[in-house]
Amino acid sequence: MSKPKHIRTLADTEAQAIARNMRVSPRKLNLVAAMIRNQPADKAIAALTFSRRRIAQQVKKTLESALANAENNHQLDVDRLVVKSAEVGKSIVMKRFHARGRGRSARIEKFFSHLKIVVAERADAPEGDAASKKSVKEQKAA
(Lines of atoms letter the chains of each structure in order from A and count residues from 1; the text may use other names and numbers.)
(Lines give C-alpha, C1' and ligand atoms only; values in the text may rest on other atoms or scores of the structure.)
Protein backbone atom coordinates (compact mmCIF):
# COMPACT_ATOMS: atom_id res chain seq x y z
CA MET A 1 0.00 0.00 0.00
CA SER A 2 1.16 3.49 -0.77
CA LYS A 3 -0.09 6.97 -0.17
CA PRO A 4 -2.74 8.28 -2.55
CA LYS A 5 -1.52 10.46 -5.38
CA HIS A 6 -1.18 14.15 -4.45
CA ILE A 7 -3.81 16.24 -6.21
CA ARG A 8 -2.33 19.16 -8.16
CA THR A 9 -3.60 22.46 -6.80
CA LEU A 10 -2.14 24.66 -9.56
CA ALA A 11 -3.53 25.18 -13.04
CA ASP A 12 -1.96 23.46 -16.05
CA THR A 13 -0.22 26.70 -17.06
CA GLU A 14 1.43 27.22 -13.66
CA ALA A 15 4.50 25.95 -11.83
CA GLN A 16 5.96 26.69 -8.43
CA ALA A 17 9.05 26.49 -6.27
CA ILE A 18 9.26 26.70 -2.49
CA ALA A 19 12.23 27.74 -0.36
CA ARG A 20 11.91 26.94 3.31
CA ASN A 21 13.73 28.24 6.38
CA MET A 22 15.51 31.17 4.76
CA ARG A 23 17.51 33.08 7.37
CA VAL A 24 15.83 36.47 7.01
CA SER A 25 12.82 38.04 8.65
CA PRO A 26 9.52 37.87 6.76
CA ARG A 27 9.26 41.68 6.60
CA LYS A 28 12.61 42.00 4.84
CA LEU A 29 11.90 39.08 2.50
CA ASN A 30 8.53 40.55 1.57
CA LEU A 31 10.24 43.74 0.35
CA VAL A 32 12.27 41.68 -2.14
CA ALA A 33 9.27 39.53 -3.10
CA ALA A 34 7.23 42.67 -3.82
CA MET A 35 9.82 43.72 -6.43
CA ILE A 36 9.10 40.67 -8.60
CA ARG A 37 5.34 40.17 -8.19
CA ASN A 38 3.42 40.40 -11.50
CA GLN A 39 6.66 40.92 -13.46
CA PRO A 40 7.74 38.96 -16.54
CA ALA A 41 10.26 36.30 -15.57
CA ASP A 42 13.23 37.87 -17.40
CA LYS A 43 12.62 41.30 -15.82
CA ALA A 44 12.25 39.72 -12.37
CA ILE A 45 15.60 37.90 -12.73
CA ALA A 46 17.27 41.12 -13.87
CA ALA A 47 15.84 43.03 -10.90
CA LEU A 48 17.06 40.38 -8.45
CA THR A 49 20.50 40.18 -10.08
CA PHE A 50 21.16 43.86 -9.53
CA SER A 51 19.41 44.20 -6.18
CA ARG A 52 21.68 45.21 -3.31
CA ARG A 53 19.75 43.26 -0.69
CA ARG A 54 21.49 40.20 0.72
CA ILE A 55 18.54 37.83 0.38
CA ALA A 56 17.94 38.70 -3.30
CA GLN A 57 20.33 35.98 -4.51
CA GLN A 58 18.39 33.26 -2.68
CA VAL A 59 15.11 34.62 -4.06
CA LYS A 60 16.68 34.54 -7.54
CA LYS A 61 17.63 30.88 -7.08
CA THR A 62 14.07 30.06 -6.05
CA LEU A 63 12.67 31.92 -9.08
CA GLU A 64 15.07 30.08 -11.41
CA SER A 65 13.95 26.81 -9.83
CA ALA A 66 10.30 27.69 -10.54
CA LEU A 67 11.22 28.49 -14.16
CA ALA A 68 13.06 25.17 -14.49
CA ASN A 69 10.06 23.33 -13.02
CA ALA A 70 7.79 25.04 -15.55
CA GLU A 71 10.03 24.12 -18.48
CA ASN A 72 11.02 20.58 -17.55
CA ASN A 73 8.05 19.24 -15.60
CA HIS A 74 5.13 21.04 -17.26
CA GLN A 75 6.49 21.90 -20.76
CA LEU A 76 5.67 25.61 -20.48
CA ASP A 77 7.28 28.30 -22.66
CA VAL A 78 9.88 30.12 -20.54
CA ASP A 79 9.67 33.30 -22.64
CA ARG A 80 5.97 33.72 -21.78
CA LEU A 81 6.21 33.16 -18.02
CA VAL A 82 5.13 35.77 -15.47
CA VAL A 83 5.60 35.73 -11.70
CA LYS A 84 1.99 35.21 -10.67
CA SER A 85 2.60 35.28 -6.93
CA ALA A 86 5.46 35.43 -4.44
CA GLU A 87 4.17 34.50 -1.00
CA VAL A 88 6.22 35.00 2.16
CA GLY A 89 5.48 33.04 5.30
CA LYS A 90 6.77 32.97 8.84
CA SER A 91 8.91 30.05 9.93
CA ILE A 92 10.70 29.23 13.16
CA VAL A 93 12.15 31.85 15.50
CA MET A 94 15.42 31.08 17.27
CA LYS A 95 15.51 32.69 20.69
CA ARG A 96 18.86 33.80 22.09
CA PHE A 97 19.90 36.08 24.89
CA HIS A 98 22.34 38.94 25.09
CA ALA A 99 24.06 39.90 28.33
CA ARG A 100 23.30 43.46 29.42
CA GLY A 101 24.57 45.67 32.20
CA ARG A 102 23.96 45.12 35.93
CA GLY A 103 23.39 41.38 35.56
CA ARG A 104 20.41 41.68 33.26
CA SER A 105 19.78 39.96 29.93
CA ALA A 106 17.90 40.87 26.78
CA ARG A 107 16.15 38.54 24.39
CA ILE A 108 17.24 38.33 20.75
CA GLU A 109 14.93 36.73 18.18
CA LYS A 110 16.36 35.38 14.95
CA PHE A 111 13.58 35.03 12.38
CA PHE A 112 13.32 32.52 9.54
CA SER A 113 10.97 32.68 6.53
CA HIS A 114 9.36 30.54 3.85
CA LEU A 115 9.04 31.69 0.22
CA LYS A 116 6.67 30.28 -2.41
CA ILE A 117 6.95 31.52 -6.00
CA VAL A 118 4.29 30.63 -8.58
CA VAL A 119 4.95 31.36 -12.25
CA ALA A 120 2.20 31.26 -14.89
CA GLU A 121 2.22 31.32 -18.66
CA ARG A 122 0.74 34.41 -20.32
CA ALA A 123 -2.02 33.83 -22.82
CA ASP A 124 -0.81 36.55 -25.23
CA ALA A 125 2.51 36.63 -27.10
CA PRO A 126 5.38 38.75 -25.70
CA GLU A 127 5.75 42.28 -27.10
CA GLY A 128 9.18 41.70 -28.64
CA ASP A 129 7.99 38.77 -30.73
CA ALA A 130 8.34 39.15 -34.50
CA ALA A 131 5.01 37.42 -35.15
CA SER A 132 3.10 39.94 -33.06
CA LYS A 133 4.81 42.85 -34.89
CA LYS A 134 3.86 41.33 -38.21
CA SER A 135 0.22 41.00 -37.18
CA VAL A 136 0.17 44.68 -36.12
CA LYS A 137 1.54 45.71 -39.55
CA GLU A 138 -1.05 43.52 -41.27
CA GLN A 139 -3.82 45.11 -39.22
CA LYS A 140 -2.69 48.63 -40.20
CA ALA A 141 -2.52 47.66 -43.88
CA ALA A 142 -6.07 46.26 -43.82
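When we follow my numbering, the leftmost residue of the sequence shown carries the number 2, and every step to the right adds one. Where a beta carbon is used, it is the ideal one built from N, C-alpha and C, also for glycine. Just so you know, these numbers come straight off a predicted model, no measurement behind them.
Next on the checklist: I believe T1 touches A18 by the beta-carbon criterion, under 8 Å. Please report the beta-carbon distance rounded to the nearest angstrom.
Outcome noted: No information on residue 1 is available, as it lies outside the stretch 2 to 143 that the chain covers here.
**Asked** Hey, is the region 21-28 in contact with the region 108-126, meaning 3+ C-beta pairs nearer than 8 Å?
**Response** yes
Name the DSSP bridge partner or partners of H99?
Within the sequence shown, numbered from 1, the residue matching residue 99 stands at position 98. A107.
Practice problem: Pick out the complete alpha helix (DSSP H) segments inside the region 5-73, 4 residues or longer, and give them in chain order. | Solution: 27-37, 42-50
With 16 other Cβ atoms within 10 Å as the buried cut-off, status of L30:
Here residue 30 refers to the residue found at position 29 of the sequence shown. Looking at its Cβ environment, which holds 16 or more other Cβ atoms inside 10 Å, L30 is buried.
Can you tell which of R103, V89, H99, E72 has the C-alpha that lies nearest to the C-alpha of A121?
-> Looking up residue 121 in the sequence shown gives position 120. Nearest of R103, V89, H99, E72 to A121, Cα basis: E72.
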